[in-house]
Amino acid sequence: MSIDSNLTSLINGLSGHISFIDSLVVAVTHWGLPLMILCVVPLWWLRLNRCEMRYLAVSSALTFISGLLINQFVLMFISRARPYTEGLTHLLIEPSTDPSFPSDHATGAFAIAVTFFFHGRNKMGALFSLGALLVMFSRVYVGTHYVTDVLGGLVTASIAGLLVRRFHYRESFLNRCLTRIL
């Protein structure tokens, strides 16, 4: 077996022993990313550094969407079966019908984290990275992804973050239009 398969088996092998832990990790896999998004949304209405906070919220959304678009592009060339279909993991959640690589959950979670890092908001980036790491771990623990699937999500989120940082400016027409809403 490959290192990827061994690590995936090792992490997924932790599941199925303590139902409370399994329930907690399943909750993270289902609610971790939506909760991260809900933490970004209030930035829109913060009075402190309003322009910058709105710019960060828009940048997070653009990075999130760009990361998922990059994933769709990758899927045109790579179609990897999920580890549970290969008999490698036991699944704690409902099965997915889409390919395993890269992980959309990891991409979305890391997209939020890298946005804050790339804009010099390291404390917020670190907090969101912690959330993203929990989501990443949970996706392997519940048996729906290989380790390299979630690492692939980190890479696509980072590429998306770099692209957004490079091409989306606070003074851009798009940002000025979007940040005037509400």
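So the sequence shown is numbered by the numbering used here: it starts at 1 and just counts up by one.
Think of the CB as a built atom: it goes at the ideal place given N, C-alpha and C, for glycine as much as any other residue.
In this structure Asn12 is in contact with Tyr141, their Cβ atoms being roughly 6 Å apart against a cut-off of 8 Å. If you compare the alpha carbons of Ala160, Leu163, Gly161 and His145 with that of Leu92, the shortest gap goes to His145. Here the alpha carbons of Phe137 and Tyr84 stand approximately 16 Å from one another. Inter-residue distance for Leu178 and Val58 is about 8 Å (C-alpha atoms, whole angstroms). The C-beta separation of Gly153 from Pro102 comes to about 5 Å, placing the pair in contact by the 8 Å criterion. Within the region 93 to 150, the complete alpha helix (DSSP H) runs of at least 4 residues fall at 104 to 118 and 122 to 141. Counting only residues of its own chain and dropping the five nearest sequence neighbours on each side, Pro99 has a CB closer than 8 Å to the CB of Leu75, Ile78, Ser79, Arg80, Ala81 and Arg82. For Ala61, the closest alpha carbon among the candidates His17, Gly131 and Trp44 is that of Trp44.
For Glu52, the enclosing alpha helix (DSSP H) stretches over residues Arg50 to Leu75.
Within the region 6 to 39, there are no complete beta strand (DSSP E) runs of at least 3 residues. Collapsing the DSSP output to three states places Ser158 in a helix. Distance between Val114 and Ser23, taken at the CA atoms: about 28 Å. Its chain contains Pro83, Leu88, Thr89, Val140, Tyr146 and Val147 as the residues whose beta carbon lies nearer than 7 Å to that of Thr8, once the 5 sequence neighbours on both sides are disregarded; these appear in chain order.
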